[in-house]
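This report refers to the structure that appears directly beneath it.
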Amino acid sequence: MAYKSLQQCISKLDKRGEILTITEEIDPNLEMASLHLDEFAKSGKAIVFVNIKGSKFRAASNLFGTLDRSKFMFRHTLEKVKQLIDLKTNPSSAFKSPFKSIFAALHAIYAIPLKVRFPSSFYEIQIEDIPQVKCWKEDGGAFITLPQVYSEDIENPGIMNSNLGMYRVQLSGNDYISNKEIGMHYQIHRGIGVHQKNANQNGEPLKVSIFVGGPPAHTFAAVMPLPEGMSEVSFAGILGGRNFRYAKKDGYTISADADFVICGELHPNDVKPEGPFGDHLGYYSLTHDFPVLKVKKVYAKENAIWPFTVVGRPPQEDSQFGALIHAITGKAIEKEIPGLKAVNAVDDAGVHPLLLAVGSERYTPYNPIKKPQELLTIANHILGTGQMSLAKYLFICDDENAPDVNDEKAYFTHFLERVNWERDLHFQTKTTIDTLDYSGDGLNEGSKVVIAAAGEIKRDLAISLTKLNLPDGFSTPRLVSNGNLILEGKGELQDLFSSLEKQNLERIGLITLVDDASFASKNFSNWIWVTFTRSNPANDIYGLNSKYINKHFSCSIPIIDARIKLNHAPILER
0 MAYKSLQQCI SKLDKRGEIL TITEEIDPNL EMASLHLDEF AKSGKAIVFV
50 NIKGSKFRAA SNLFGTLDRS KFMFRHTLEK VKQLIDLKTN PSSAFKSPFK
100 SIFAALHAIY AIPLKVRFPS SFYEIQIEDI PQVKCWKEDG GAFITLPQVY
150 SEDIENPGIM NSNLGMYRVQ LSGNDYISNK EIGMHYQIHR GIGVHQKNAN
200 QNGEPLKVSI FVGGPPAHTF AAVMPLPEGM SEVSFAGILG GRNFRYAKKD
250 GYTISADADF VICGELHPND VKPEGPFGDH LGYYSLTHDF PVLKVKKVYA
300 KENAIWPFTV VGRPPQEDSQ FGALIHAITG KAIEKEIPGL KAVNAVDDAG
350 VHPLLLAVGS ERYTPYNPIK KPQELLTIAN HILGTGQMSL AKYLFICDDE
400 NAPDVNDEKA YFTHFLERVN WERDLHFQTK TTIDTLDYSG DGLNEGSKVV
450 IAAAGEIKRD LAISLTKLNL PDGFSTPRLV SNGNLILEGK GELQDLFSSL
500 EKQNLERIGL ITLVDDASFA SKNFSNWIWV TFTRSNPAND IYGLNSKYIN
550 KHFSCSIPII DARIKLNHAP ILER
């Protein structure tokens, strides 16, 4: 079934028992987000709020809260989309299953956007009429958390060359002029940034349309990492089983099926402070200057529904976006990168900070002693591909007896058994990291490390701890997994290094310094989150018996300092 609207989708989910309707008056200031977080935490229903303080519109959240619900919403198109993506990334598959391929190709007729008249059901409203959903107590105001931000390149206009992305939009607060200005926060490596740069160079404002709501395929298309040359609006049509319908008004592109549309302009060098905002790494992203959208028109359709989500420390609803993307794309990334067998952008670490990968090692098949060679070529390719370029930590091992990359604990055990710390650490300094990551030297600034391991087992990892002699200021040694040691404390690092270097640690593969060992060792997810969101590789990786050989850092055991530093952003707390 092709959903023509968000309402139609919600009605179908309601018949399936997937909707929790809340009729009492709810405050959009924190209360709606709190109810959402509680419902998501128990893998619960999608929520429809029908009585929102300060707004006549309804709102919906947690629509994508479970993978099962997402698959149900796209049950009629999911397999066809998977086949089309496979055709795009692996054209030879058409010869293996010609009938399936032809059937999928016929479905691609929905990829062509359909121009229609401006909808008569749309009427003008103000920004203040929209539900002003504030998710976290220190947020700078109300935000749109599920926007579809549409822009075109003035040098290459047209809907088929457009960009539809999900970028954070601040509706209120800070220094924004009420109903006239809203904040547009987009990160590096985003399509809208290219469009704004070209508009700036031509001395022109960039026209931007923000769609909210509409068929769920439109929302999902805005977050989908698509193969080169595939348009988000085309993907929305294919996934939704219905052509993306759009109109033109006053030079703006209008999604005819959206529930809300905001039209405005980004002017050259026009920025204002945006944020703070509780974000997907589990911390607040702080206040920084970002572009201001000068609002021209705001439209709502009759009986419009405002969809929203709440982001925070994973897993959250946006984690299910990742699960659905994986269900659709399968091995698409692996097919694009020669030698790559598997990769996991680890959700528990906030996706961008940590990648785990498995690759082939075929460069010297005649040499029985394996060492990372092809793996380093693959690693460079990974870090040059799309959003994976923002990764801070990339662990990659060869495919011989490799574990499932999605079993993080098993992966680290396998890796720590085989890594050679004198050889296998490869740093990139003074480079770009995720805009939302405050472990680095500044906004978008930090470092990366590739850690590549190959060959036979090199150490028998400890499964229990023998007594450690720790200097003053350090305590609470714990094993979070085999050979994976954490320590708590604020003492002098040189004292710690000197002490540990005198002890027998041959069964330890990695050491992490943390503020709270009980929290970090409570489960493997906690260790991953603490370690990889609170460390900047070049600044925070030390080592026992460390030395530099031809500018290459080597050690016997690395120590990652994952304690909170002064430059780090505050942790999200309810």
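Numbering that gives the first Met the number 0 puts the first residue of the sequence shown at 0, with every later residue one more than the last.
The beta-carbon is built from N, C-alpha and C at its ideal position, and this holds for glycine as well.
If you're wondering where the values come from, they're calculated on a predicted model, not measured in any experiment.
List the endpoints of the continuous beta strand (DSSP E) containing residue i.
{"i": "Asn173", "result": "First-last for Asn173: undefined, no H or E at that position."}
{"i": "Gln200", "result": "No beta strand (DSSP E) contains Gln200, which is instead part of the alpha helix (DSSP H) from Gly190 to Gln200."}
{"i": "Lys293", "result": "His287 to Lys300"}
{"i": "Phe552", "result": "His551 to Ser553"}
{"i": "Lys206", "result": "Leu205 to Val211"}
{"i": "Pro476", "result": "Phe473 to Ser480"}
{"i": "Ile158", "result": "Segment: none, Ile158 is in no beta strand (DSSP E) and carries neither H nor E."}
{"i": "Ser60", "result": "Arg57 to Ser60"}
So the candidates are the options; which of them puts its Cα closest to the Cα of residue i?
{"i": "Gly172", "options": "Tyr410, Val404, Phe426 and Glu137", "result": "Glu137"}
{"i": "Leu113", "options": "Glu127, Pro130, Gly157 and Phe473", "result": "Gly157"}
{"i": "Glu151", "options": "Ile563, Pro536 and Ser208", "result": "Ser208"}
{"i": "Gly64", "options": "Pro352, Gly281 and Pro306", "result": "Pro306"}
{"i": "Asp256", "options": "Glu572, Ile548, Cys8 and Lys546", "result": "Cys8"}
{"i": "Val529", "options": "Asp398, Asp560, Asp26 and Leu36", "result": "Asp560"}
{"i": "Lys370", "options": "Lys52, Ser284 and Ala453", "result": "Ala453"}
{"i": "Leu469", "options": "Ile450, Asn443 and Asn503", "result": "Asn503"}
{"i": "Leu339", "options": "Ser446, Asp26, Glu399 and Val291", "result": "Glu399"}
{"i": "Lys429", "options": "Asn419, Asn443 and Val418", "result": "Asn443"}
{"i": "Ile111", "options": "Asn197, Phe234 and Gln372", "result": "Phe234"}
{"i": "Ser42", "options": "Ala59, Asp67 and Ala58", "result": "Asp67"}
{"i": "Lys14", "options": "Phe39, Asp26 and Lys44", "result": "Lys44"}
{"i": "Lys3", "options": "Arg417, Leu36 and Gly213", "result": "Gly213"}
{"i": "Thr532", "options": "Ser359, Asp258 and Asp347", "result": "Asp347"}
{"i": "Met223", "options": "Leu205, Gly190, Ser254 and Leu543", "result": "Gly190"}
{"i": "Ser10", "options": "Phe39, Glu127, Leu29 and Val47", "result": "Val47"}
Pull up the CB-CB distance for residue i and residue j, whole angstroms please, since I reckon it's below 8 Å.
{"i": "Lys248", "j": "Glu123", "result": "At roughly 11 Å, the Cβ-Cβ gap does not stay under 8 Å, so Lys248 and Glu123 are not in contact."}
{"i": "Ala1", "j": "Gly240", "result": "4 Å"}
{"i": "Leu34", "j": "Ile21", "result": "7 Å"}
{"i": "Phe56", "j": "Ile176", "result": "That belief does not hold up - the Cβ atoms of Phe56 and Ile176 are roughly 22 Å apart, past 8 Å."}
{"i": "Ser119", "j": "Val232", "result": "About 22 Å; that fails the 8 Å criterion."}
{"i": "Glu154", "j": "Asn199", "result": "That pair is no contact at about 12 Å."}
{"i": "Pro146", "j": "Val211", "result": "6 Å"}
Please state whether the Cβ-Cβ distance between residue i and residue j is less than 8 Å.
{"i": "Leu163", "j": "Ala221", "result": "yes"}
{"i": "Ser480", "j": "Phe523", "result": "yes"}
{"i": "Val310", "j": "Thr144", "result": "yes"}
{"i": "Arg458", "j": "Glu505", "result": "yes"}
{"i": "Glu24", "j": "Asn50", "result": "yes"}
{"i": "Val345", "j": "Ile527", "result": "yes"}
{"i": "Ile182", "j": "Lys52", "result": "Here the sequence assigns Gly to residue 182, which means Ile is not the residue at that position. It is not a contact, given that the beta carbons lie outside the stated cut-off."}
{"i": "Val148", "j": "Met159", "result": "no"}
{"i": "Leu265", "j": "Gln195", "result": "yes"}
{"i": "Ile563", "j": "Asp494", "result": "no"}
{"i": "Ile327", "j": "Phe117", "result": "no"}
{"i": "Glu416", "j": "Ile450", "result": "no"}
Cutting at 7 Å between CB atoms, please list the residues of its own chain near residue i, excluding the five before and the five after it.
{"i": "Ala103", "result": "For Ala103, the predicted structure reports a pLDDT of 46, less than 50, and the residue's modelled location is therefore unreliable. A value from the coordinates is still provided. Taken in chain order, the residues that qualify are Lys79, Gln82, Leu83 and Leu86."}
{"i": "Ser69", "result": "Phe63, Gln319 and Leu323"}
{"i": "Val404", "result": "Ala341, Val342, Asn343, Leu355, Ala356, Val357 and Tyr410"}
{"i": "Met72", "result": "Cys8 and Pro215"}
{"i": "Ser284", "result": "Gly274, Pro275, Phe276, Asp278, Leu435 and Ala568"}
{"i": "Ser534", "result": "Ser438, Ile559, Asp560 and Ala561"}
{"i": "Asn566", "result": "Tyr437"}
{"i": "Thr412", "result": "Leu460, Ser480 and Asn481"}
{"i": "Lys546", "result": "Ser553"}
{"i": "Asn242", "result": "Tyr109, Ile111, Pro112, Leu113 and Gly236"}
{"i": "Arg312", "result": "Gly281, Trp528 and Leu571"}
{"i": "Ala303", "result": "Phe56, Gly212, Asp258 and Phe259"}
I'd like the span of the alpha helix (DSSP H) that includes residue i, first residue to last.
{"i": "Pro215", "result": "Pro215 to Ala220"}
{"i": "Gly321", "result": "Glu316 to Thr328"}
{"i": "Phe518", "result": "Ala516 to Ala519"}
{"i": "Gln6", "result": "Leu5 to Lys14"}
{"i": "Gly239", "result": "Glu231 to Gly239"}
{"i": "Trp526", "result": "Phe523 to Thr532"}
{"i": "Lys408", "result": "Glu407 to Arg417"}
Grab me the residues of residue i's own chain with a C-beta within less than 8 Å of its C-beta, minus the 5 sequence neighbours each way, in chain order.
{"i": "Phe142", "result": "Val132, Lys133, Cys134, Arg167, Val168, Gln169, Leu170 and Phe276"}
{"i": "Val448", "result": "Lys391, Tyr392, Leu393, Leu424, His425, Phe426, Gln427, Pro536, Ala537 and Ile540"}
{"i": "Pro90", "result": "Any reading at Pro90 needs caution, since the residue's pLDDT is 48, under 50, leaving its predicted position unreliable; the model's value is listed next. Contacts found: none."}
Please check if any C-beta of chain D sits within less than 8 Å of the C-beta of residue i.
{"i": "Leu5", "result": "The structure shown contains no chain D; it is built from a single protein chain."}
Beta-carbon within less than 6 Å of residue i's beta-carbon, same chain only, minus the 5 sequence neighbours each way: which residues are those?
{"i": "Phe94", "result": "For Phe94, the predicted model reports a pLDDT of 39, less than 50, meaning its position is unreliable and no value from the coordinates is stated."}
{"i": "Arg477", "result": "Ile485, Ala516 and Ser520"}
{"i": "Ile462", "result": "Asn481"}
{"i": "Gly472", "result": "Gly488, Lys489 and Gly490"}
{"i": "Val350", "result": "Ala344"}
{"i": "Ser96", "result": "For Ser96, the predicted structure reports a pLDDT of 46, less than 50, and the residue's modelled location is therefore unreliable. A value from the coordinates is still provided. Answer for Ser96: no residue qualifies."}
{"i": "Leu382", "result": "Ser388"}
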